[in-house]
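J.: First, the structure itself, so that you have it in front of you.
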Amino acid sequence: MSDPWRDLRFLIGAWETDGQTQLGNGKGHFSFSLELDAHVVVRRSRTQYADTPQRPAFSHQELTIIAADGDGLQATYFDSEGHVIRYRVDATADGCVWTSEPVAGARFRMSYRPVNGNEVDARFEIAPPGGEFATYVESRARRAGTDGRER
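Okay, so the sequence shown: first residue is 0 according to numbering that gives the first Met the number 0, each after it adds one.
Here it is, written out as structure tokens:
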């Protein structure tokens with residue numbers, strides 16, 4: 000039996016990120032872990048945004064569960080704003096791309112690309128109905144406890 004997680008294993012572990020986004024300056028962490036005897040991959044995320052003249056500081060939390068089924072890898076995303084998004088996950092040795100199921104509203108796409116063993120580039124994109132994807136948030140994450148450089 001082949002390993003359904005082979006091309007996602009570069010993400011397993013804890014990650015730290017910070018940077019400027021459309022929501023303001025965010026500092027956070029996320030993790031990917033194999034759970035339920037390696038039948039699912041769970042992603043947990045928390046980003047803290049500083050206050051700005053337009054709004055108070057806030058925290059954004061996410062939980063994603065990735066599972067393998069007869070159609071490949073599927074992910075279900077939940078966040079602290081009440082969003083629920085279902086994704087198809089395409090993973091290769093070059094990274095992975097999550098694309099939301101077509102729905103009546105916007106479409107979403109999340110991608111991760113390994114930079115080296117201790118860094119990963121992440122991008123979240125949104126496409127309006129009938130439109131093209133545009134980057135909403137882009138960041139480079141470091142493996143927790145490292146400066147991001149491979150040794």
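Glycine included, every Cβ here is placed at the ideal spot set by N, Cα and C.
Buried or exposed: where does R150 fall if 16 or more other Cβ atoms within 10 Å of its Cβ makes it buried?
T.: The predicted model places R150 with a pLDDT of 46, which falls under 50 and marks its position as unreliable, so this point remains unresolved.
J.: Have a look at the DSSP bridge pairing and note the partners of I11.
T.: For I11, which the question treats as bridged, DSSP gives no partner whatsoever.
J.: For D93, does the three-state DSSP call read helix, strand or coil?
T.: Coil at D93, not helix or strand.
J.: How big is the Cα-Cα spacing for L33 and V40?
T.: Each residue's Cα considered, the two are about 5 Å apart.
J.: Tell me the DSSP bridge mates of P52?
T.: P52 is not bridged to any residue.
J.: Counting only runs that start and end within the region 24-88, where is the alpha helix (DSSP H) found for 4 or more residues in a row?
T.: None, since the region 24-88 contains no complete alpha helix (DSSP H) of that length.
J.: Under DSSP, the beta strand (DSSP E) around P113 begins and ends at which residues?
T.: 106-115 is the extent of the beta strand (DSSP E) around P113.
J.: Excluding sequence positions up to five away, which residues of its chain have a Cβ less than 7 Å from the Cβ of R141?
T.: Result list for R141: W14, E15, N117, E118, G147, in chain order.
J.: Whole-angstrom Cβ separation of R108 and E131, contact assumed at under 8 Å?
T.: Between E131 and R108 the Cβ distance is about 11 Å, and since that is not below 8 Å, they are no contact.
J.: When the Cβ atoms of the region 62-77 are set against those of the region 47-54, are three or more pairs found closer than 8 Å?
T.: Not touching, per the Cβ criterion.
J.: Is the CB-CB distance between R122 and E100 below 8 Å?
T.: Result no, Cβ atoms of R122 and E100 do not sit closer than 8 Å.
J.: Report the CB separation of D89 from R112 in whole angstroms; it is logged as a contact under 8 Å.
T.: Between R112 and D89 the Cβ distance is about 13 Å, and since that is not below 8 Å, they are no contact.
J.: Below 8 Å CB to CB, which residues in the same chain sit around P3 once its five sequence neighbours on both sides are set aside?
T.: Closer than 8 Å at the Cβ level, and outside the excluded window around P3, lie A67, L72.
J.: In whole angstroms, what separates the C-alpha of S58 from that of D36?
T.: Roughly 31 Å separates the two Cα atoms.
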